[in-house]
Every structure is written in structure tokens, then in C-alpha cells.
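Worksheet for the structure shown next.
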Amino acid sequence: MAIEKKLGAATRDAYGKALVQLGKTNPKVVVLDADLSKSTKTAAFGQQFPDRFFDMGIQEANMVGVAAGLAAQGKIPFVSSFACFLICKTHDQLRMSVAFPELNVKIVTSHGGISVGEDGASQQSIEDIALVCTLPGFVVMIPADQYSAEKLVLQAAEWKGPVYIRTGRPKAPILYNENSSFQIGKGVRLREGTDVTLVANGLQVFEALCAQETLKGKGIRASVVDLHTIKPLDQALLLEEAKRTGAFVVCEEHQIWGGLGSAVATFLSKEYPVPVEFVAIQDTYAESGKPDELLEKYGLTAPYIVEAAERVLAKKSSLTRA
Amino acid sequence: MQKLVNIPDLCAKAREMRCEIIRMLGEAGSGHPGGSLSCADLLTALYFNALKHDPKNPKWPDRDRLVLSKGHGAPALYAALALCGYFPKEQLLTLRQLGSPLQGHPDMRKLPGLEASTGSLGQGLSIGIGIALAQILDKKDYRTYVVLSDGECNEGQIWEAAASAAHFKLNHLIAILDYNKYQLDGAVKDILDMEPMAKKWESFGWNVCEIDGHNMVEILEALEWAEKQGGAPSMIIAHTIKGKGVSFMENNNNFHGVAPTQEETVKALQELGGK
Chain P
8 MAIEKKLGAA TRDAYGKALV QLGKTNPKVV VLDADLSKST KTAAFGQQFP
58 DRFFDMGIQE ANMVGVAAGL AAQGKIPFVS SFACFLICKT HDQLRMSVAF
108 PELNVKIVTS HGGISVGEDG ASQQSIEDIA LVCTLPGFVV MIPADQYSAE
158 KLVLQAAEWK GPVYIRTGRP KAPILYNENS SFQIGKGVRL REGTDVTLVA
208 NGLQVFEALC AQETLKGKGI RASVVDLHTI KPLDQALLLE EAKRTGAFVV
258 CEEHQIWGGL GSAVATFLSK EYPVPVEFVA IQDTYAESGK PDELLEKYGL
308 TAPYIVEAAE RVLAKKSSLT RA
Chain G
865 MQKLVNIPDL CAKAREMRCE IIRMLGEAGS GHPGGSLSCA DLLTALYFNA
915 LKHDPKNPKW PDRDRLVLSK GHGAPALYAA LALCGYFPKE QLLTLRQLGS
965 PLQGHPDMRK LPGLEASTGS LGQGLSIGIG IALAQILDKK DYRTYVVLSD
1015 GECNEGQIWE AAASAAHFKL NHLIAILDYN KYQLDGAVKD ILDMEPMAKK
1065 WESFGWNVCE IDGHNMVEIL EALEWAEKQG GAPSMIIAHT IKGKGVSFME
1115 NNNNFHGVAP TQEETVKALQ ELGGK
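Chains P and G, in that order, are what the protein sequence lines are. So the first sequence is numbered by our numbering: it starts at 8 and just counts up by one. So the second sequence is numbered by our numbering: it starts at 865 and just counts up by one.
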């Protein structure tokens, strides 16, 4: 039985909405954008709070440095552009001017992953999570729907220290509601199973839920965890799952190297080694196309998660027999 | 703190600063003497005359801010801060040692008086813009000073920041270029010539003046001039000599990133009258 796909707002729209709320409630919040405010959705903040909005023009490196200076004076800068431009172009500035001095800068990008669609590979960010995860002290998140995005953005403003949030371009399937609660660094268990744990973030959470239904039809009971925070990793939840199911599939709209899969595998191999499979972009760039076509072509839809779950279960049973 | 207003007093203080720089680097056994000595007069004029600051209250909200964008000049900044009283002078000799707050390049988390962490060139001017924007948002009157190196102007981010600061009309932002004509691999004119330097900054919309960066009268006049400029940020291009004050280090780029030996330290201190 397929679960209902009800599209809500894009997570970037939820970011724009949360920013306006922050503008009203927190005078320390300032917003910087690099000439993409209509796409990143910071424009609404800019219209309502023009004194606290800085359109920096197309210069990401300077923008991050300026944000560091503002943060050093007690402001809470939210800095936005497309994920690939902001994160790839300013790794040095994020390192030297933000992460190293532990400044209170919030980097929120849009157009994460390949679901950017028709604009093609140059606009699709598949490396951002790996890059930011290498920076000590940075919180790294990918919310799955409008409700989690909005609440996590609000929490990021309260968090002391650097935070990275990746949002997406397309409308995201609704998973939660206004009353759902979220906490930075704490995953959400959406389904509880005993055979295999499907860990996902962003749009992949919905795909994992669909996969869980299919697996149920095959007699396989899968847990589904929305691990919106990659760093710090929810180790307690992962350990609990590892002990109960003993097999993982990690699903992410990111290059297979250095993202959520790497984080989960590193933790599990150290604390509780169990077989892990990965649904991710296989060390390649994508291309132009409709978001759904791209997710399908690059192996990021529910059927691929089902296959990965079956593979990991085969490994698990061969290990048990051995 | 008590300002030094007489030129001889400031020159004496600059000499004292150079002695501390040599002692620190001699003790540390590594570091950047050339670019520390070239900006010693500039930092003396700033910390002992121009800057509004209180070493007893490093986080005073109304203080002027200084960002040393050329982070490898840290010994000069540390010497200035110590001589002002931000921390005991004896601590200078812990430069670059494990556990010392005097890191090889400035770490703002570890030492009072540091407004930024720097060391990857090209980033300090952007940080200065952020501080200057905060000053406007907070309706404060303080000034933000950023000390740049000439080699650093090779970096694209400097020119992003140059355009940005002018666009935001940051007249409380004052940049000082320690134009000592050398970068690590050789003379700036040979590695990546940035001339015409003044015209570049002017064309980006800055108020620009050029001075002898070792002439205390000219430095003070330039800092006063910069305070009076309106409508745009100001750039003081200070022509300096790398290694200034120690005969065998002056214009000798071997001392860009190599500390003096024990023997050289003694000789340099003798020249500077610091024993």
C-alpha cells in the first residue's frame, strides 16, 4: 500500500517564513544574501526589515567574512545563497572567519541536491554536506519538510555557534504538522521496525517511508529515522536502532563520500558494527531534467531503497549464519 | 588609557615594540620578522594615539576595533597589546609555544584585545565591513581599522570587500596598507604587481592617501585625515620597508618568514638599543 504524497511548501519557503518570524522576535537577527534572495526566499525578510538585510551582490566570500564581523559584534547573521555556490566557493572563509573563531553565523542554503532539476549539474549541490562536516564545531542539517525546516531554523537562531542548514528547491512532501517538535541533534523515529533501519534526511525521508510500506508487504519490518541533523549525530538513537535491527540503509541526496552515510557508518563501525548499505549519488554529477526524473535516474527513489534493504538483510543473515 | 601625543615618545615606543618583536621571534625560533617590523610604526600610532580603547576593559562597547588582516604580523600586534597593558609583557615570550594564547597567527578566542582570527590572507577587510555595519545598526560611533599587507591584495576577496565597503559608504572603516613591497616569493612587482595601487582603491570609491609608513608625523596626520572623511571608507597606503629598524633585515626577504638566530637576535637588539 503506497503512502499518500501530499506536497507542502519547499523547505526554502519555510526558511523564508521562519526568517520573517525571527525578524519580528529577535532584533539581533540580520540576513545576508548574494543576489539570490528571490530564490533562497530571504527577500521577504528584506522587504520587512530592510535595515537588517544586506544584499551583498554576487560575492560569496566577502559575504561570509562580513557575516563573521557582524557575529563578532553580537548579531546573529543568516547567510544565504545556493548550496553549491555558498559552500563550495567559501570553504576557506567558513573555516577561517567562522568555524575557527566559533562565531555565531547561520549558513542556510537553498537548491541542495539534484532535485534542483532543469538548471543542471552546475547548480546542483552534492558536496555541501561533506564540506561543512569537515569544519569543527559546525552543526549540519537537512530538514525534510516545511514544518521541520521552519522549526529547525528558529532553533538555529537560539543555538550558540555556527550552523549549516541545507534547504531544497522543489515542494516537499508533508511529513509533520504544526505541533510536531524537533530538536537539533535528535533524530525522529517515524516508523519502528525490527529487521532493518532506514536512515534518511531531506526528500529522502519520504522515499524511505514509501520503501518501508513496500518492505512491509514483503514481510520485512523496517524502522524509518529522519536524521535531519548530520552533525552532531544522534548517537543514542543510532545505537538503539543498531541493537534492535542490526542492519542499516542510509539514504541521502548527496555524493556518497562524506555525507550522512559516512557519518553513520563511522559511528556504527566504532560502536556497534552492523551491515550498512547506501542510497546516494555514486561519485558522479547529475544533469538537467525534472527533479523526479533525476531522483529516479540517479538511484534515489523508494525502489532503490527497497533493493538496498534487501541487500543489507542478505548480508545480515549471512553474518548471522557465520 | 593615556595617549602618547609627542612624536619622540611615539618613536621611542615604536623602538620598544620592535625590541619586543625581535625578542619574541628570537625566543620562538620561528615567525615573520619582516612584515612585523614593517607595520610597527603604524601599530604604535594606532594603539598609543589614534585608537579609542581601554586595555582594562577589552570588550568596552564603544572601543575602536582593529583587525590585523595580515595575520602573520601577529608579533607586532601582540607587542602593541602587551605594551598597552592588555596582558603582562612577560607573556610575549611564550609566542608560538604549546598552550600559549599567543598563537602563531591571531586567535581571538585566546587573547584579550583581538577582534578577529586571521591567518588566511584576504579575509580581514570583509570582517571589518561586518563590524562597521554592526556599528551602524547599533548606532555607535566607533571606528574599525583594518591593517592589510600588499601581497594580500593579490587575493580576490580584498577587491570584493573594496567594492562592498564603498557601496555601503562605510566612512567609519579605515584600512591601512602596510606596503612593504615584498611577499613570500619575492618583490610584489615581480610576483603579482598591484600597481597602480592608489588608483585601484580610488576607482573602487575609497578616499585614498599615501604616506611614509615610518614617519610618525605623516602617520598621525593620515589617521586624523581618515577620521574626517565622509561618505566613503578610507585607505591609507603606507609605504614601508620590510624588516624596518634592523639593518640586516631591511629589504631582505629572507626574513619574511624566518626568525632571527640567537646571534642575530643579540645584534638586532643592539641596533635597536634594547640590549
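Heads up, the beta-carbon is just placed ideally off N, CA and C, and yes, glycines get one too.
Taking 8 Å as the upper bound on Cβ-Cβ separation, chain P lies near residues S990, I991, G992, I993, G994, I995, A996, L997, A998, Q999, L1001, D1002 of the segment 990 to 1004 of chain G.
C-alpha of T116 (chain P) to C-alpha of E1127 (chain G): approximately 55 Å in a straight line. In this structure, the straight-line span from the alpha carbon of A68 (chain P) to that of A270 (chain P) is close to 27 Å.
Between A909 (chain G) and I1038 (chain G) a beta carbon distance of about 12 Å is seen, past the 8 Å cut, so the two are scored as non-contacting. Taking a C-beta distance under 7 Å as the contact criterion, L39 (chain P) and M63 (chain P) qualify as a contact pair. Using a 10 angstroms sphere on the CB of T32 (chain P), the tally of other CB atoms stays under 16, which defines it as exposed. Against chain P, the beta carbon of E979 (chain G) has neighbours under 7 Å at A79, listed in chain order. Cβ-Cβ distances below 6 Å link L29 (chain P) to V36, A164 in the same chain, with the five nearest sequence neighbours on each side left out; the list follows chain order.
With contacts defined by Cβ atoms closer than 7 Å, S990 (chain G) and G72 (chain P) form a contacting pair. For L932 (chain G), the enclosing beta strand (DSSP E) begins and ends at 929 to 932. Contact between T49 (chain P) and Q153 (chain P) is absent: CB atoms are separated by about 16 Å, not below the 8 Å threshold.
Here the C-alpha atom of Q80 (chain P) lies approximately 21 Å from the C-alpha atom of T97 (chain P).
Residue environment for V1081 (chain G): exposed (fewer than 16 other C-beta atoms within 10 angstroms of its C-beta). If you draw a straight line from the Cα of C948 (chain G) to the Cα of S187 (chain P), it is about 54 Å long.
The beta-carbon distance between V1011 (chain G) and C883 (chain G), rounded to whole angstroms, is 20 Å. This is too long to meet the 8 Å contact definition. Look at Y311 (chain P) here: in three-state DSSP terms it is helix. The alpha-carbon of H936 (chain G) is positioned some 6 Å away from that of H969 (chain G). For L182 (chain P), no alpha helix (DSSP H) run applies, since DSSP gives it neither H nor E. DSSP places T18 (chain P) in the helix class (H, G or I) of the three-state scheme. Ranked by Cα distance from G266 (chain P), the first of P:F213, P:Q190, P:S132 is P:S132. By the rule that beta-carbons nearer than 7 Å mark a contact, Q987 (chain G) touches chain P. Interface annotation for the segment 965 to 977 of chain G against chain P: D971, M972, R973, criterion Cβ-Cβ distance under 8 Å.
Of all residues in the segment 93 to 117 of chain P, only D99, Q100, R102, M103, S104, F107, P108, E109 place a beta-carbon less than 8 Å from a beta-carbon of chain G. In the structure shown, D58 (chain P) adopts helical secondary structure according to DSSP, grouped into three states. Going by DSSP, H1031 (chain G) is part of the alpha helix (DSSP H) stretching over 1020 to 1031.
Taken atom to atom, the span from the alpha-carbon of E247 (chain P) to that of G1020 (chain G) is near 49 Å.
Below 8 Å, too few C-beta pairs join the segment 166 to 180 of chain P and the segment 317 to 325 of chain P to call them touching: fewer than three.
Within its own chain, the residues whose Cβ lies closer than 7 Å to the Cβ of L110 (chain P), once the five positions on either side in sequence are excluded, are A75, A78, A79, P169, listed in chain order.
L244 (chain P) counts as buried, since at least 16 other C-beta atoms from the protein chains shown sit within 10 angstroms of its C-beta. If you draw a straight line from the Cα of N208 (chain P) to the Cα of P150 (chain P), it is about 7 Å long.
Put simply, the CB of V38 (chain P) is far from chain G, with every gap to its CB atoms at 7 Å or more. In this structure, DSSP gives Y942 (chain G) a helical state, which the three-state scheme calls helix. The alpha-carbon of V1110 (chain G) is positioned some 7 Å away from that of E1135 (chain G).
Between K178 (chain P) and A309 (chain P) a beta carbon distance of about 18 Å is seen, past the 8 Å cut, so the two are scored as non-contacting. For L868 (chain G), the CB contacts under 7 Å within the same chain, skipping 5 residues up- and downstream, are L874, K877, F912, N913 in chain order. Contacts with chain P at 7 Å (Cβ-Cβ) include E1024 (chain G).
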